[in-house]
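A.B. asks: Questions regarding the structure given below will be posed in turn.
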């Protein structure tokens, strides 16, 4: 009888241990999925911010080419469904890039609303300050709110044009998810800046920023390997970013040069998951 009783107690204890381990594993998996989900949402902000930056730089460069008589066409490579309006004054210009209320497809993304920017030049220092605002702006059904600054240097230490982008935007998803981004991104224009064709342009992006979610989670990001931005591709084609949050962190990697929507996230403990970018 004692032997049977001991066996039953041992069996119950083993069952509780297995259940506990299973619950632990499930909880860990759920937490990991939640963490990766937020990293994925943050990458969607990266995509929106990158293309907004592309459009501002393209519209600015096109306007400057037109202004200086360099055979610009006033539209650059933006589709005809985009309307560009320029108000010019001495040493000052305001440019409105209008995608309409129904939306206009730009490089595979549906954009609505307006990007309005103005700029002033410091000819002696060969610098330009571009201030922009997003007016009723939507990127693939996500509302993007923000107004900030791009600072252009004609030539950095490597002899390349460079844009320093002060970030301050909020993105609201159709399902109610919301996140805000603050920080600094530096875009070095490494290829194509003298060709007059925007499609061959390549930028390398460095910097650091934070993303704050409405649930209180705050992620900090720092570029480890410069993010390569080829404007013909909707995503970064290579580069990596360090991601940190309380009790959670890892490296987000865009790959080694292919234009695709695939990335990986490696947790600090070595676990790696594949991520499909939207």
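Numbering (our numbering), first residue to last: 687 to 964.
Quick reminder that beta carbons are idealized off the backbone N, C-alpha and C, glycines included.
A quick note: this is a predicted structure, and the numbers were derived from the prediction, not measured.
1. Could you tell me the boundaries of the beta strand (DSSP E) in which residue 782 lies?
2. Since residue 807 is in the beta strand (DSSP E), which residue starts that stretch and which ends it?
3. Beta-carbon separation of residue 644 and residue 823 under 8 Å?
4. Count the CB pairs spanning the stretch 814 to 832 and the stretch 847 to 861 that are closer than 8 Å, and state whether there are at least three.
5. Candidates 944, 945, 943 and 939: which alpha carbon is nearest residue 951's?
6. Could you round the C-beta distance between residue 773 and residue 749 to whole angstroms and report it? I think they count as a contact, below 8 Å.
7. Is the separation between the beta-carbon of residue 873 and that of residue 849 shorter than 8 Å?
8. Report the rounded CA-to-CA distance for residue 889 versus residue 923, giving the unit in angstroms.
9. In chain order, what residues of the same chain have a beta carbon less than 6 Å from the beta carbon of residue 833, not counting five sequence neighbours either side?
10. Return the chain-ordered list of same chain residues with a C-beta closer than 8 Å to the C-beta of residue 864, the five sequence neighbours on each side being excluded.
11. From residue 688 to residue 961, what does the alpha carbon distance come to, in whole angstroms?
12. Near residue 933, what residues of its chain come up, given a Cβ to Cβ distance below 8 Å and the 5 sequence neighbours on each side ignored?
13. If you count every other CB in all the chains shown that lies within 10 Å of the CB of residue 964, and 16 or more means buried, which is it?
14. Under 8 Å, do residue 805 and residue 779 count as touching if we go by C-beta distance?
15. Using 8 Å as the threshold, is the C-beta distance between residue 784 and residue 917 below it?
16. Is residue 727 helix, strand or coil by DSSP?
17. Under 8 Å by Cβ, that's how I've got residue 904 and residue 896 pegged, so tell me the actual separation to the nearest angstrom.
18. Nearest by alpha-carbon distance to residue 893: which of 936, 797 and 851 is it?
19. Which whole-angstrom value is the C-beta distance of residue 731 and residue 801, which I expect to be below 8 Å?
20. Can you give, in chain order, each stretch of the beta strand (DSSP E) that sits fully within the stretch 861 to 890 and has at least 3 residues?
21. Drop a sphere of 10 angstroms on the beta-carbon of residue 765, count the other beta-carbons inside from all chains shown, and report buried for 16 or more, exposed for fewer.
22. Quick check: what's the CA-CA separation for residue 946 versus residue 928?
23. Which residue spans inside the stretch 821 to 862 form an unbroken beta strand (DSSP E) run of at least 3?
C.D. replies: Let's see:
1. Where residue 782 is concerned, the enclosing beta strand (DSSP E) starts and stops at 778 to 784.
2. From DSSP, the beta strand (DSSP E) with residue 807 extends over 795 to 808.
3. Nothing can be reported for residue 644: it is not among the residues displayed for the chain, which extend from 687 to 964.
4. The way I'd put it, the stretch 814 to 832 does touch the stretch 847 to 861; three or more beta-carbon pairs between them come closer than 8 Å.
5. Taking only the C-alpha atoms, the option nearest residue 951 is 939.
6. About 11 Å; that fails the 8 Å criterion.
7. Against a cut-off of 8 Å, the Cβ pair of residue 849 and residue 873 comes out as a contact.
8. For the pair residue 889 and residue 923, the Cα-to-Cα distance works out to about 11 Å.
9. Same-chain partners within the cutoff: 819.
10. Cβ neighbours of residue 864 beyond the five flanking positions: 856, 857, 858, 899 and 900.
11. Caution applies to residue 688, whose pLDDT of 43 falls short of 50 and renders its modelled position unreliable; the model cannot decide the point.
12. Closer than 8 Å at the Cβ level, and outside the excluded window around residue 933, lies no residue.
13. Its Cβ having fewer than 16 others within 10 Å, residue 964 is exposed.
14. Taking C-beta atoms as the reference points, residue 805 and residue 779 count as a pair closer than 8 Å.
15. Note that the C-beta distance between residue 784 and residue 917 is not below 8 Å.
16. Residue state, collapsed to three classes: helix.
17. Between residue 904 and residue 896, the beta carbon gap of about 6 Å places them in contact (Cβ cut-off 8 Å).
18. Measuring from the Cα of residue 893, the nearest candidate turns out to be 851.
19. In this structure, residue 731 and residue 801 do not form a Cβ contact; the two beta carbons are roughly 16 Å apart against a cut-off of 8 Å.
20. Entirely contained in the stretch 861 to 890, the beta strand (DSSP E) runs reaching 3 residues are, in chain order, 864 to 877.
21. So residue 765 ends up on the exposed side.
22. Those two C-alpha atoms are separated by around 21 Å.
23. Runs found: 828 to 839 and 848 to 858.
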